[in-house]
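Asker:
In this note's numbering, the protein residues as written are 78 to 484.
#1: Helix, strand or coil, according to DSSP, for residue 90 in the structure here?
#2: Using 7 Å as the limit for Cβ to Cβ distance, is residue 180 near chain B?
#3: Following the continuous alpha helix (DSSP H) through residue 385, name the residue where it begins and the one where it ends.
#4: Per the DSSP calculation, residue 194 is bridged to which residue(s)?
#5: Expressed to the nearest angstrom, what Euclidean distance is found between the alpha-carbon atoms of residue 92 and residue 301?
#6: Give the secondary structure of residue 448 by DSSP, where H, G and I count as helix, E and B as strand, and everything else as coil.
#7: Using 7 Å as the threshold, is the C-beta distance between residue 457 and residue 419 below it?
#8: Please classify residue 352 as buried or exposed, where buried requires at least 16 neighbouring CB atoms within 10 angstroms.
#9: Please report how far the alpha carbon of residue 212 lies from the alpha carbon of residue 335, in whole angstroms.
#10: Since residue 266 and residue 332 should fall inside the 8 Å C-beta cutoff, what is the C-beta to C-beta distance between them, to a whole number of angstroms?
#11: For the alpha helix (DSSP H) containing residue 276, name the first residue and the last one.
#12: Check whether the region 115-124 and the region 187-202 touch, using three or more Cβ-Cβ pairs below 8 Å as the test.
#13: Candidates 116, 147, 279, 181: which alpha carbon is nearest residue 319's?
#14: Given that a residue counts as buried once 16 or more other Cβ atoms are within 10 Å of its Cβ, and exposed if not, what is residue 321?
#15: State the DSSP-derived secondary structure class of residue 151, mapped to helix, strand or coil.
#16: Roughly how many angstroms lie between the CA atoms of residue 357 and residue 349, to the nearest whole one?
#17: Just tell me which of 145, 461, 434, 159 has its CA closest to the CA of residue 49.
#18: Please classify residue 301: does DSSP put it in a helix, a strand, or coil?
#19: The alpha helix (DSSP H) spanning residue 422 covers which residue range?
#20: Using a threshold of 7 Å, state whether the C-beta atoms of residue 464 and residue 381 are closer than that.
#21: With a threshold of 6 Å on Cβ separation, who are the neighbours of residue 402 within its own chain once the five nearest residues in sequence on each side are excluded?
#22: Quick one: residues in its chain with C-beta nearer than 6 Å to the C-beta of residue 482, no 5 flanking neighbours on either side, listed in chain order?
#23: Just to confirm before moving on: does the CB-CB distance between residue 96 and residue 132 stay below 7 Å?
#24: Buried or exposed: residue 452, going by 16 or more other Cβ atoms within 10 Å of its Cβ?
#25: Which residues in the same chain as residue 435 place their Cβ atom closer than 8 Å to its Cβ, once the five residues preceding and following it in sequence are excluded?
#26: According to DSSP, is residue 204 part of a helix, a strand, or is it coil?
#27: Quick check on the burial criterion: 16 or more other C-beta atoms within 10 angstroms. Buried or exposed for residue 106?
#28: Out of 441, 405, 430, which one is the CA nearest neighbour of residue 533?
#29: What number of angstroms, rounded off, separates the C-alpha of residue 364 from the C-alpha of residue 210?
#30: Between 150, 274, 147, which lies nearest to residue 201 when the distance is taken from Cα to Cα?
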C-alpha cells in the first residue's frame, strides 16, 4: 500500500484515507483504482458542495459586479481568490490536470458504481473569510503578494515535482514555511480544516450504523479522499474522536470572526494620532505650524496611495482620486482609499465582456493581470490601499516630531 494511504477503525468501521496531490495525474488514477478495488461503503471527499457545483459546471465570471464587490469590502478577498485560482490553474496546466480533478474523479467513480458519497470540506468562502478575518492589512498584503507572485511566476513544475508534494518531508517543510510566514492563515487553511474534515468523516462513518461484513474479507471501508497535506492531521483528530478526547461538533469553525474591541480601537488609533498631533502643533506653534503638519501628512499619505495606483497603470483620474481620497479614508476606518480608487477606475474603464471571459486565463501571468480590466481594478484597489497605509506609518514620526518640538 502506498505511503499516501492510512487505515483506521472508526465506530466499528474500517476507514481508508487516501492522500492526494490536487494536480496529479497519478492521484486521479490511484483514487479511481482504490474505489474499484476496495468497493467502499461510502466515499468522502475533501470538497464542499458549492465548489463541486462550480467545478463540474465550469462556471464563468460574467455575473461578477466588481463595483459591488469593492463597496462591500470584498476586494482583497476576491483578489486572493483569483490569484489562488491562477496559481492552481498554472500548475495544473503544466501537467494536464485541473486542480481538484481527483475529487471529481472520486465522485464520478462512486456514482458509476452506485456508491454513496459525501462532501466533507468546509465551504471555501467561509474558510477564506475566516483566514481574512484573522489577518491584519500587512499580513493580507503579504499573502496577496505571495499569491500573485505564485500565479504569474514563470517557474515550471514537472509531474515528478508534483508527486513529491505528497511526500511527508516536503509537506512538513512547506507547512513550516507557511506557519512562519503567516501563522494565522496556516491555522485556518490547514489546522482548522484538519479538524473539520476529520469531524465530518467521523460523523459520516458513525451515521452508517453497525458495520456488516460484505464478504469473507470483512466490512467494506469508508474511503476518504483528502489532500496529502491534511492526511496526518486528520488521522490525529480521528484517533482523538474515536477515543472521545475531542468534540464531534465543529459549528464554531463555520462562523465568521467578529472584530474584537481591541481591533476596533486600533482602527481609530492612527486617525486619532494624526488629528492629535495637528491639534498639538496648533496650540504649541500656531496656525501656520498646524497647517504645515497637515500638508506634510496629506502629501505623504496621498502621494504614496497615488503611486500605488500609478504602478498599476491606472487612469489619470483614478490616480487623482487616490491622492485626494487617501486622507479622507484614513480619517474614517469604515472606508478605504482602495475603494475610492477601484470604483473610480471601474467607472472610467468599465470591464468588457472579454475581460470576464478571459479572467481565468489572465490571472496566470503578469501581463494578463495588467491587461484584464477586472484584475487591474483589483490591483489598483490593493496597491493604493497599501500605499496609503505606508504613507500613514511614515508620516506619524514626522507629525510627532513637528508637533512636540514646536517647529
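C-beta atoms are modelled at their ideal positions from N, C-alpha and C, and glycine is treated no differently.
Answerer: Reading from the atomic positions:
#1: Here residue 90 refers to the residue found at position 13 when the chain shown is read from its first residue. Reduced to three states, the DSSP call for residue 90 is strand.
#2: The displayed structure is made up of one protein chain only, and chain B is not part of it.
#3: Taking the first residue of the chain shown as position 1, residue 385 is located at position 308. Note, residue 385: alpha helix (DSSP H), 364-388.
#4: If you number the chain shown from 1, residue 194 lands on position 117. DSSP output for residue 194 lists 120 as bridge partner(s).
#5: The residue you call residue 92 lines up with position 15 of the chain shown. The residue you call residue 301 lines up with position 224 of the chain shown. Near 7 Å, if we compare the C-alpha coordinates of residue 301 and residue 92.
#6: As a working mapping, residue 448 is identified with position 371 in the chain shown. It is helical.
#7: Translated into positions along the chain shown, residue 457 becomes position 380. Translated into positions along the chain shown, residue 419 becomes position 342. In contact: residue 457 and residue 419 (Cβ atoms closer than 7 Å).
#8: Against the chain shown, residue 352 aligns to sequence position 275. It counts as exposed.
#9: As a position in the chain shown, residue 212 is number 135, starting the count at 1. As a position in the chain shown, residue 335 is number 258, starting the count at 1. Residue 212 and residue 335: Cα-Cα distance of roughly 12 Å.
#10: Within the chain shown, numbered from 1, the residue matching residue 266 stands at position 189. Within the chain shown, numbered from 1, the residue matching residue 332 stands at position 255. Wrong, their Cβ atoms sit about 17 Å apart, outside the cutoff.
#11: The residue labelled residue 276 in the question sits at position 199 within the chain shown. 270-283 is the span of the alpha helix (DSSP H), which, as asked, contains residue 276.
#12: yes
#13: Position 242 of the chain shown, counting from 1, holds the residue named residue 319. If we check each option's Cα against that of residue 319, 279 comes out closest.
#14: Position 244 of the chain shown holds residue 321. Exposed, since its Cβ has fewer than 16 Cβ neighbours within 10 Å.
#15: Residue 151 sits at position 74 when you count from the first residue of the chain shown. In this structure, residue 151 counts as coil in the three-state DSSP scheme.
#16: Residue 357 sits at position 280 when you count from the first residue of the chain shown. Residue 349 sits at position 272 when you count from the first residue of the chain shown. Rounded to whole angstroms, residue 357 to residue 349 spans 12 Å at the Cα level.
#17: Since the first and last residues shown for the chain are 78 and 484, residue 49 lies out of range.
#18: Taking the first residue of the chain shown as position 1, residue 301 is located at position 224. If DSSP states are grouped into helix, strand and coil, residue 301 belongs with the strands.
#19: Taking the chain shown and counting its residues from 1, the one referred to as residue 422 is at position 345. Run containing residue 422: 414-425, per the alpha helix (DSSP H) assignment.
#20: Translated into positions along the chain shown, residue 464 becomes position 387. Translated into positions along the chain shown, residue 381 becomes position 304. It is a contact, given that the beta carbons lie within the stated cut-off.
#21: In the chain shown, counting from the first residue as 1, residue 402 sits at position 325. Excluding positions up to five away in sequence, the list reads 414, 417.
#22: For the purposes of this step, residue 482 is taken as the residue at position 405 of the chain shown. Answer for residue 482: no residue qualifies.
#23: Position 19 of the chain shown, counting from 1, holds the residue named residue 96. Position 55 of the chain shown, counting from 1, holds the residue named residue 132. Their beta carbons are not under 7 Å apart, which means residue 96 does not touch residue 132 by this criterion.
#24: In the chain shown, residue 452 corresponds to position 375, counting from 1. With 16 or more Cβ atoms within 10 Å of its Cβ, residue 452 is classed as buried.
#25: Within the chain shown, residue 435 is the residue found at index 358, counting from 1. Only 445, 449 meet the Cβ criterion.
#26: For the purposes of this step, residue 204 is taken as residue 127 along the chain shown, with counting starting at 1. Residue state, collapsed to three classes: helix.
#27: Here residue 106 corresponds to residue number 29 of the chain shown, with the count starting at 1. The residue is exposed, with fewer than 16 neighbouring Cβ atoms inside 10 Å.
#28: This structure cannot settle anything about residue 533, because the visible part of the chain is limited to 78 through 484.
#29: Within the chain shown, the letter at position 287 stands for residue 364. Within the chain shown, the letter at position 133 stands for residue 210. Going from the Cα of residue 364 to the Cα of residue 210 covers about 41 Å.
#30: In the chain shown, residue 201 corresponds to position 124, counting from 1. Of 150, 274, 147, the residue nearest in Cα terms is 274.
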